[in-house]
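K.L.:
Numbering (my numbering), first residue to last: 423 to 698.
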């Protein structure tokens with residue numbers, strides 16, 4: 423079953439690089455919380471931290487046991503983007519299992535007895551197979567990490583899924599490598615193409631010639647229609663099979679991935695192009 427053919431497609435009113443109403447957004451951590459475990463590092467206080475489910479499942483408990491810690495910082499409110507795998511409506515809450523292709527996570531949304539009609543109508547869009555953005559706090563319930571969601575909405579634009587992944591990467595780099603110097607050329611250097619005397623494309627990266635397989639693969643992936651699951655490695659090999667061997671294409675994939683022109687999506691054999 424395709425998770426992307428159901429009720430909710432990809433992006434809506436929150437998210438993007440700097441977030442929005444209920445969306446993600448790269449936020450700087452704050453150290454001014456009064457109720458902080460001082461041994462657990464800085465805290466993301468009242469900020470929405472973009473994360474993957476794998477990160478949440480691997481987050482550690484703080485020394486006090488009251489908080490979860492990720493990359494040395496305590497988590498306050500987090501946002502994830504994933505597909506609803508299971509959903510059960512109970513008398514007081516709705517229980518979910520969501521999956522973002524890095525892992526599965528239990529999620530709970532408490533129902534309000536005084537809920538306004540428009541809120542009830544919004545919940546009609548929550549269905550199995552729908553891609554949603556959810557934000558809330560992470561708690562341990564019966565030893566299982568559970569997202570207590572305070573906001574859930576279906577995506578309407580698949581670009582938000584890509585933006586969320588980039589937000590996660592930026593936040594991770596900030597907390598593991600320090601503040602990024604955008605002025606020094608953050609991200610991959612541009613790749614240009616030209617034609618040689620035989621009309622074959624030749625790539626130039628930082629002034630150095632690279633194998634034609636790399637340039638032709640880059641041209642191929644740039645023109646493939648967007649797919650949130652990414653382009654399968656085998657499709658890239660097949661597309662260039664009339665000119666290059668499997669070994670050459672795999673080497674080209676590895677090169678583009680290493681230089682930041684491709685990023686892996688659902689696994690190590692699916693990739694998306696990172697536009698300059």
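Where a beta carbon is used, it is the ideal one built from N, C-alpha and C, also for glycine.
Ignoring anything shorter than 3 residues, give me the beta strand (DSSP E) runs that lie fully in the region 466–534, in order along the chain.
P.N.:
List check, beta strand (DSSP E) in window: 470–472, 490–492, 499–511, 515–521 and 526–532.
K.L.:
By the three-class DSSP mapping on this structure, what secondary structure does residue 692 have?
P.N.:
Residue 692 falls in the strand class under three-state DSSP.
K.L.:
Do you know offhand how far residue 475's Cα is from residue 525's?
P.N.:
Whole-angstrom Cα-Cα distance: 6 Å.
K.L.:
In three-state DSSP terms, what is residue 572?
P.N.:
Residue 572: strand per DSSP, three-state reduction.
K.L.:
Which residue marks the beginning of the beta strand (DSSP E) containing residue 561, and which one marks its end?
P.N.:
Element bounds for residue 561: 553–563.
K.L.:
In whole angstroms, what separates the C-alpha of residue 690 from that of residue 532?
P.N.:
Rounded to whole angstroms, residue 690 to residue 532 spans 36 Å at the Cα level.
K.L.:
Checking the sheet assignment: what are the DSSP bridge partners for residue 654?
P.N.:
Partner(s): 692.
K.L.:
At the level of alpha carbons, what is the spacing between residue 659 and residue 672?
P.N.:
Distance between the alpha carbons of residue 659 and residue 672 is about 7 Å.
K.L.:
Quick one: what does DSSP say residue 684 is sitting in, helix, strand or coil?
P.N.:
Three-state result, residue 684: strand.
K.L.:
Counting Cβ pairs closer than 8 Å, one from the region 490–510 and one from the region 534–541, do we hit at least three?
P.N.:
Cβ pair count under 8 Å is below three, so no.
K.L.:
Let me make sure I understand the geometry here. Which of 507, 519, 637 and 565 has the alpha-carbon closest to that of residue 481?
P.N.:
Of 507, 519, 637 and 565, the residue nearest in Cα terms is 565.
K.L.:
DSSP puts residue 667 in a beta bridge; with which residues?
P.N.:
In the DSSP output, where bridge partners are listed per residue, residue 667 has none listed.
K.L.:
Among 572, 663 and 635, which has the Cα closest to the Cα of residue 676?
P.N.:
If we check each option's Cα against that of residue 676, 635 comes out closest.
K.L.:
Straight-line CA distance for residue 692 to residue 685?
P.N.:
Rounded to the nearest angstrom, the two C-alpha atoms are 8 Å apart.
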